[in-house]
Amino acid sequence: MKKRLFILILLFPVFLLGQTKIDENISVNFLEKPETTEFNIENTNPENVKAKATAFYLNSKDDSYIAMRINAIIDGKPYNELSQSIIALKAVYKYILTEQLKSMEKKGMFLKDSSQIKIDNYLAYKLSFKGKNSEEENAESRILILNGITYIFIYSQVASYDKVKKDQFFKSIKINHSENLKQIEEPYNYFNVIIRILGGVLFLYFIRKFLKKEKENNRIR
Numbered sequence: 003m004k005k006r007l008f009i010l011i012l013l014f015p016v017f018l019l020g021q022t023k024i025d026e027n028i029s030v031n032f033l034e035k036p037e038t039t040e041f042n043i044e045n046t047n048p049e050n051v052k053a054k055a056t057a058f059y060l061n062s063k064d065d066s067y068i069a070m071r072i073n074a075i076i077d078g079k080p081y082n083e084l085s086q087s088i089i090a091l092k093a094v095y096k097y098i099l100t101e102q103l104k105s106m107e108k109k110g111m112f113l114k115d116s117s118q119i120k121i122d123n124y125l126a127y128k129l130s131f132k133g134k135n136s137e138e139e140n141a142e143s144r145i146l147i148l149n150g151i152t153y154i155f156i157y158s159q160v161a162s163y164d165k166v167k168k169d170q171f172f173k174s175i176k177i178n179h180s181e182n183l184k185q186i187e188e189p190y191n192y193f194n195v196i197i198r199i200l201g202g203v204l205f206l207y208f209i210r211k212f213l214k215k216e217k218e219n220n221r222i223r
């Protein structure tokens, strides 16, 4: 027990010092300071949407860690339009998942399992991967969409696959300013607006009626 506690004490400051800010909204912990690169993604979808990606990565002889931020670009400007419904949001996720599967297959990593998860109450996806002719897990990823921006986190095997370090990496994902972030554009509620207007009209009507009655009572006196 003491030995385990000592190991945790040694590991904790390493992860604390390795915290990396992906942007104002997301941060994650790396074991060491990661390298950073930026690149453009030329898409082949019908809308011909381009994207700008920023990747933070840490590679060693044993394993690899990646945190990526992807922002769609239309007419040279960031495009952060939110989905109009949960169905539309899942459709966007499906497209991103399909693209990631293609990318991972090129590296010899094939889909083993996928599931919907929650990261701080936001809908996200978890994917696990395996070798082409093996059921052993060799990579795992998390995909999260916030404010129209896609975040992808990947842990993958190089020489070894450490589940403890993998779990620590994913558990360290932190969402900042959560109260200001959205995944779905809330529809304009016309019903509530109408109710408020009617309520205001009725309130003014009764106030005027009350004042008129008071005025008549004063005359009688």
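The numbering of the sequence shown is my numbering, which starts it at 3 and goes up by one.
Here a beta-carbon is modelled for each residue, glycine too, at the ideal position from N, C-alpha and C.
In the DSSP assignment, find the beta strand (DSSP E) that holds F58 and state where it starts and stops. The continuous beta strand (DSSP E) containing F58 extends over residues K52 to N61.
Alpha-carbon to alpha-carbon, D115 and N27: Distance between the alpha carbons of N27 and D115 is about 28 Å.
Provide the residue span of the alpha helix (DSSP H) that contains Y95, from first to last. Per DSSP, Y95 belongs to the alpha helix (DSSP H) from I88 to E107.
First and last residue of the alpha helix (DSSP H) that includes F172? Following the DSSP letters along the chain, one finds F172 inside the alpha helix (DSSP H) bounded by residues K165 to K173.
Once DSSP output is grouped into helix, strand and coil, what is the label at S143? If DSSP states are grouped into helix, strand and coil, S143 belongs with the strands.
If you pair each beta-carbon of the stretch 35-42 with each one of the stretch 154-161, do three or more pairs fall below 8 Å? Result no; under three Cβ-Cβ pairs closer than 8 Å.
Taking DSSP's pairing of strands, which residues face F131 in a bridge? For F131, the beta-bridge partners assigned by DSSP are L113 and A141.
I'd like the list of long-range same chain contacts for K134, defined as Cβ closer than 8 Å, with 5 residues on each side in sequence excluded. Result list for K134: G110 and F112, in chain order.
Three-state class that DSSP yields for E187 in the structure shown: Residue state for E187 is assigned as coil, using DSSP reduced to three classes.
Selected residue, minimal CA-CA separation from K128, among Y163, S162, I88 and K173: Answer by Cα proximity: K173.
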